[in-house]
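Per my numbering, the sequence shown runs over residues 29 to 160. Quick reminder that beta carbons are idealized off the backbone N, C-alpha and C, glycines included. Notes follow once the structure below has been shown.
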Amino acid sequence: MKRNLLLNAELSHLIATMGHGDMLVLGDAGLPIPVGTNAPQRIDLAVCPGTPRLEDVLRAVLSELQVQSTVIATEALHADGPPAWYTDQLSLTPKTVSHEEFKKICGTARAMVRTGECTPYANIILVSGVTF
């Protein structure tokens, strides 16, 4: 059995195979995930509303993925900046785009992870970096 924080085999395998610049989307329960032959891989972790929370999945992913940059929707910002689920775990300044642009970018990601998060605009694109 794995000793690390991330136990989901499908998500762990995806992270192990990601290259520099590949994108991984963590989305709330309502973020549309494209379908079709060129669509991102779908990893559905949602169990019920609120489970798992986006911040918990983000914490587990960050324990294994080297992140070079992030993207969030402008609509997710609060008056004082990014939401707590972001600032509590990431020190990177996020690139911000409209929610519509965010959804377009998602179509080019390696994979999209659906969480049980039900907070509006609680979505993030993680761009893979390198460890050297």
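Boundaries of the beta strand (DSSP E) in which V155 is found, first to last residue:
I152 to S156
Would a C-beta distance cut-off of 8 Å place G144 and G64 closer than the cut-off?
In this structure, G64 does not lie closer than 8 Å to G144 by Cβ.
Going by C-alpha distance, which of C76, A37 and E128 is nearest C146?
C76
Mind checking whether G135 and Q96 have CB atoms under 8 Å apart?
no
Helix, strand or coil at A101 [DSSP, three-state]
strand
Drop a sphere of 10 angstroms on the beta-carbon of G55, count the other beta-carbons inside from all chains shown, and report buried for 16 or more, exposed for fewer.
buried
So, does the region 102-114 touch the region 30-50, judging by three or more C-beta pairs under 8 Å?
No: fewer than three Cβ pairs fall under 8 Å.
Give a yes or no on whether the C-beta atoms belonging to P62 and V99 are separated by under 8 Å.
no
I'd like the ranges of any beta strand (DSSP E) spanning at least 3 consecutive residues and lying wholly in the region 50-98.
51-55 and 69-72
When the distance is taken between beta carbons, is R142 closer than 8 Å to S59?
Correcting the residue type first, residue 59 is Leu in the shown sequence and not Ser. A contact, by the Cβ cut-off of 8 Å.
Q94 to I153 span [Cα, whole Å]
13 Å
Neighbour-count burial assignment, P148, 16 or more Cβ in a 10 Å radius:
exposed
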